[in-house]
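First up is the structure itself, then whatever we jot down about it.
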Amino acid sequence: MATFREAREALLLANALDLIADEEMLLLYDVNTSKNLDIPYWKYEKFNLDSLSDDECKSEFRFLKHDIYNLLDVLDLPGKITCPNRFYVYSDEALCLLLRRFAFPCRYEDLVPRFGRPVPQLCMVVSEMMDILYARFGQLFSGINQPWLSQANLVDFAEAIYNKGAALDNCWGFIDGTVRPVARPSENQRVLYNGHKRVHAIKFQSVVAPNGLIVNLFGPVEGCRHDSGMLAMSGLLPMLEAHCISPTGQPLCLYGDPA
Numbered sequence: 001m002a003t004f005r006e007a008r009e010a011l012l013l014a015n016a017l018d019l020i021a022d023e024e025m026l027l028l029y030d031v032n033t034s035k036n037l038d039i040p041y042w043k044y045e046k047f048n049l050d051s052l053s054d055d056e057c058k059s060e061f062r063f064l065k066h067d068i069y070n071l072l073d074v075l076d077l078p079g080k081i082t083c084p085n086r087f088y089v090y091s092d093e094a095l096c097l098l099l100r101r102f103a104f105p106c107r108y109e110d111l112v113p114r115f116g117r118p119v120p121q122l123c124m125v126v127s128e129m130m131d132i133l134y135a136r137f138g139q140l141f142s143g144i145n146q147p148w149l150s151q152a153n154l155v156d157f158a159e160a161i162y163n164k165g166a167a168l169d170n171c172w173g174f175i176d177g178t179v180r181p182v183a184r185p186s187e188n189q190r191v192l193y194n195g196h197k198r199v200h201a202i203k204f205q206s207v208v209a210p211n212g213l214i215v216n217l218f219g220p221v222e223g224c225r226h227d228s229g230m231l232a233m234s235g236l237l238p239m240l241e242a243h244c245i246s247p248t249g250q251p252l253c254l255y256g257d258p259a
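Following this line, the structure appears as structure tokens:
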């Protein structure tokens, strides 16, 4: 199947040979013009991880080259990442694309020179990678019954927080809600409107341990939801009651600012 660019070139040639009228050519030319920016991706070299230095990998992906290969093994990714339209890339390129996308705020257009692919392909690969990783590891965000959240580790977290001057000696983590602004929708504006921040938004709830890792993540929910309502919806309280108990039987808690 011809690309939009090839179709436009064929239309210009057909018009030059008087095979189609000017009006017909202009109409078909407009139909075969993509809404995406026409960035000349074919002028750039295809991505090759082996050609990059450690400093380049660290700067662009926040991982050294050998660490990226270690990630490929640990994540157990298939050799090829295949998108719903059967387009595929090799897993090392797909992983680097995902890392680059989240290493620093950027547009897909900014990634074209590095990966030598059109924007729609870049977008499809990132979406497919997120789906794969969430399907495999999403449960790590939805529960707190994890090996690294053992009773002994929770007590160590509580001790570390207490030693920094906290008033409680049984607080092992921190909980808070996050408001992420969105564009004002054309419908159901009241549902997404957050009166506290005065923006249309979606909200998330996260629990963070003192080592910086996210223990639990819930959302998104409508921006109009109160933090207490989001807490009830998340089902976090029953999980805390079941798993957050010290070896001596003392309940362990989280700290959250007043909503």
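One point on numbering: in full-length UniProt numbering, the residue at position 220 of the sequence shown is 220, and numbering is uninterrupted. Glycine residues also receive a C-beta, built at the ideal position from the N, C-alpha and C atoms. If you're wondering where the values come from, they're calculated on a predicted model, not measured in any experiment.
Roughly how far, in whole angstroms, is the beta-carbon of residue 184 from the beta-carbon of residue 202, given that I think they are within contact range, below 8 Å? No, residue 184 and residue 202 are not in contact; Cβ-Cβ is about 13 Å, not under 8 Å.
I'd like to check one pair, residue 228 with residue 218: are the Cβ atoms closer than 8 Å? no
Tell me whether the beta-carbon of residue 119 lies closer than 8 Å to the beta-carbon of residue 94. no
Residue 133: which of 81, 28, 243 and 89 sits nearest, CA to CA? 81
Residue range of the beta strand (DSSP E) that residue 35 falls in? Neither: residue 35 is in no beta strand (DSSP E) and is coded neither H nor E.
Per DSSP, residue 173 forms a beta bridge with which residues? 254
What is the DSSP secondary structure of residue 89, reduced to helix, strand or coil? strand
Taking 8 Å as the limit between beta carbons, can you name the residues of its chain near residue 190, skipping five residues before and five after? 224
Residue 214, buried or exposed, once every other Cβ within 10 Å from all chains shown has been counted against 16: exposed
Do the CB positions of residue 26 and residue 92 come within less than 8 Å of each other? no
Residue 217 bridges to which residues according to DSSP? 206
Integer-rounded CB distance, given that residue 116 should sit under 8 Å from residue 44: 4 Å
Top-ranked residue by Cα proximity to residue 182, from 194, 172 and 106: 194
Any idea what DSSP makes of residue 241, helix, strand or coil? helix
For the region 45 to 128, which segments carrying the alpha helix (DSSP H) assignment without a break, of at least 4 residues, lie completely within its bounds, in sequence order? 54 to 61, 65 to 75, 91 to 103 and 108 to 115
Give me the residue from 4, 257, 51 and 16 with the minimum Cα distance to residue 31. 4
What's the gap between the Cα of residue 208 and the Cα of residue 168? 17 Å
So residue 99 packs on residue 61, CB below 8 Å; how close in whole Å? 4 Å
Residue from 9, 35 and 128 with nearest C-alpha to residue 84: 128
Under 8 Å by Cβ, that's how I've got residue 170 and residue 252 pegged, so tell me the actual separation to the nearest angstrom. 5 Å
For residue 239 and residue 146, I'd like the C-alpha separation in whole angstroms. 12 Å
Under the three-state DSSP convention, the category residue 147 falls into: helix
Between the C-alpha atoms of residue 69 and residue 21, what's the straight-line distance to the nearest angstrom? 56 Å
Could you check the C-alpha separation between residue 11 and residue 34 for me, to the nearest Å? 15 Å
Out of 176, 105 and 206, which has the shortest C-alpha to C-alpha gap to residue 140? 206
Taking the alpha helix (DSSP H) that residue 12 falls in, what are its first and last residues? 4 to 16
Answer yes or no: do residue 40 and residue 151 have a C-beta to C-beta separation smaller than 8 Å? no
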